[in-house]
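Below: one structure, written as structure tokens.
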Amino acid sequence: MPGDRPNRRGELMSERRAAAWQARANQAYGRTTLALDDEIEALLAGDDALPVGFHRLVVTEVDRLCDDAVAVTFDVPDDLRAHYDFRPGQYLTLRKVTADGEERRSYSICSAAGTAPRVGVRRVDGGLFSAWLVDEVTPGDVVEVGPPAGSFTPELTAGTHHGLVAAGSGITPVLSIAASLLAAHDDTRVTLVYGNRRTDTVMFTEEIADLKNRYGPRLHLLHVLSREPTEAEIVNGRLDADRLRLLFTALVDTGDVDDWWLCGPLGMTEAAVAVLGELGVERRRVHRELFYVDEPPPEVDRHEPEPDGDGAQVTVVLNGRSTTLAVPAGAYVLDAAQQVRGDLPFACKGGVCGTCRAKVTDGEVTMRRNYALEPEEVAAGFVLTCQSRPVTGTATVDYDA
Numbered sequence: 000m001p002g003d004r005p006n007r008r009g010e011l012m013s014e015r016r017a018a019a020w021q022a023r024a025n026q027a028y029g030r031t032t033l034a035l036d037d038e039i040e041a042l043l044a045g046d047d048a049l050p051v052g053f054h055r056l057v058v059t060e061v062d063r064l065c066d067d068a069v070a071v072t073f074d075v076p077d078d079l080r081a082h083y084d085f086r087p088g089q090y091l092t093l094r095k096v097t098a099d100g101e102e103r104r105s106y107s108i109c110s111a112a113g114t115a116p117r118v119g120v121r122r123v124d125g126g127l128f129s130a131w132l133v134d135e136v137t138p139g140d141v142v143e144v145g146p147p148a149g150s151f152t153p154e155l156t157a158g159t160h161h162g163l164v165a166a167g168s169g170i171t172p173v174l175s176i177a178a179s180l181l182a183a184h185d186d187t188r189v190t191l192v193y194g195n196r197r198t199d200t201v202m203f204t205e206e207i208a209d210l211k212n213r214y215g216p217r218l219h220l221l222h223v224l225s226r227e228p229t230e231a232e233i234v235n236g237r238l239d240a241d242r243l244r245l246l247f248t249a250l251v252d253t254g255d256v257d258d259w260w261l262c263g264p265l266g267m268t269e270a271a272v273a274v275l276g277e278l279g280v281e282r283r284r285v286h287r288e289l290f291y292v293d294e295p296p297p298e299v300d301r302h303e304p305e306p307d308g309d310g311a312q313v314t315v316v317l318n319g320r321s322t323t324l325a326v327p328a329g330a331y332v333l334d335a336a337q338q339v340r341g342d343l344p345f346a347c348k349g350g351v352c353g354t355c356r357a358k359v360t361d362g363e364v365t366m367r368r369n370y371a372l373e374p375e376e377v378a379a380g381f382v383l384t385c386q387s388r389p390v391t392g393t394a395t396v397d398y399d400a
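Count the sequence shown with numbering that gives the first Met the number 0 and you get residues 0 to 400, in order.
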């Protein structure tokens, strides 16, 4: 309520907050103590409380990468180190409250495993979040940051060879993967194909050069430019199917690569998947992540005719707590569940980022679009709840799975 002073432990709660706390505590029977404590802290914190899992982190560095891109590094207090311990290739969800409401964006971590979390951001025309981060945020500012998430992550296994293909700002998680793989074992090799328009649009120029200088022949690096011709014709042009086919057949032994990691625009990643398949690479060894920074996600038609029926009873599980709710016919699980569970993870709501990933453990849902999950994840029962509608009378989706 406007004007209310935030409550702290030991202070008297208003009747409204006390009732909310009691109701939430009653529902939380059987949850882990840690998860319950997080939620109690949120209730006690007042109307400006952060969503569960989010914390306010101080920005320690803002490094200019090129005219329209920066890398932002966060300081993580000692008591939150485990909370923000990340795997290479994961991302952070940032949150900002504006006059129009809450905004969330997911940004990939570019730093190597075991270091401070650092995200890469490229300004997007009309992008609320990217413009703020690129043009306004400075060291000392505070940003609301969620925990690391994402499954675009390799195992740091000795003696492996990984192929990485990135375009534009898609280099962000790929840089983390490359740096972590090369640092983990002396016999790990990495092939990196990186496409950009011109040399002045390349993100992380110095970091990539440092990796090449440090690891030498263990890093096979191919820069490909679409609008700045070079003497080597093979690396001139867009990373489309023809260019990728030429590169893979002439310069890369695809049969020697254990796993492939693709990140960039949808067209590039789809072309790479197709070309690698033509060359005999098994689909299970090709991993991709659609990278869009904070461009608007693909348009989702929320006005389709609703199917007949009374909807479904759906149980959502998060942090060990189960909540059963009615999902109206034609509604998406996440949209309906957020009306009663404000702690559910989400970011883009366009089927792109994968933040709302959960596993269907009972019943059945249909997923309208999916740009985030691998085929084996879908086969195992995972869905994007922002794109999923129940098709059975009851269903259970587990965010903890």
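Just so you know, even glycine gets a beta-carbon here, dropped at the ideal spot from N, CA and C.
For L49, the three-state secondary structure derived from DSSP is coil. Beta bridge pairing from DSSP links F381 with K358. Cα atoms of P147 and G254: separation of roughly 32 Å, rounded to the nearest angstrom.
Under the three-state reduction of DSSP, T198 is assigned to helix. Contact check for A166 against P264 passes: the beta carbons are separated by less than 8 Å.
Every unbroken stretch of the beta strand (DSSP E) spanning 3 or more residues and falling wholly within the region 65 to 97 is given here in chain order: 68 to 74, 90 to 97. A distance below 8 Å between beta-carbons, with the five flanking residues on each side excluded, links V58 to the following residues of its chain, in chain order: V71, T72, F73, D74, V136, T137, P138, G139, D140, V141, V142.
Just so you know, the alpha carbons of C355 and A68 end up roughly 27 Å apart. A straight-line Cα-Cα distance of about 23 Å links G341 and G362. N369 carries a coil assignment under DSSP once its states are collapsed to helix, strand and coil. Distance from the CA of G119 to the CA of L210, rounded to the nearest whole angstrom, comes to 17 Å. In this structure, the straight-line span from the alpha carbon of E288 to that of E101 is close to 25 Å. In the three-state reduction of the DSSP assignment, T187 falls in the coil class, being assigned neither a helical nor a strand state. Each of F128, R122, A81, E277 was checked against the Cα of K95, and the nearest Cα belongs to F128. Y398: not part of any beta strand (DSSP E); DSSP gives it neither H nor E.
Nearest in C-alpha terms to C109, of all of L79, E281, T204, R197, is T204. Cβ neighbours of Q386 within its own chain (closer than 7 Å, five residues either side excluded): Y331, G350, M366, R367, R368, N369.
DSSP places G167 within a helical segment (H, G or I) once states are collapsed to three.
The beta strand (DSSP E) runs lying completely inside the region 267 to 291 and spanning 3 residues or more are 285 to 289, given in chain order.
Put simply, the backbone Cα of V382 is about 37 Å away from that of R217. Between V133 and P327, the alpha-carbon positions lie close to 40 Å from each other.
For G329, the three-state secondary structure derived from DSSP is coil. Note that the C-beta distance between L243 and A271 is below 8 Å.
Burial is judged here by how many other beta carbons sit within 10 angstroms of a residue's own beta carbon; R188 has at least 16 and is buried. For V141, the enclosing beta strand (DSSP E) has its first and last residue at 141 to 144. At least 8 Å separates the beta-carbon of L224 from that of T190.
With respect to the 8 Å criterion, F53 and G145 are classified as neighbours on the basis of their beta carbons. In this chain, the beta strand (DSSP E) harbouring T314 covers 311 to 317. Around the beta carbon of G162, 16 or more other beta carbons lie within 10 angstroms, which makes this residue buried.
Taking the C-beta atoms as reference points, T159 is found nearer than 8 Å to D257. In terms of Cβ geometry, L174 and E206 form a close pair [threshold 8 Å]. Across the set R55, Y106, Y90, D62, the C-alpha of R55 shows the shortest separation from the C-alpha of L79. Linking R320 to Q89 through their CA atoms gives a straight-line distance of about 25 Å.
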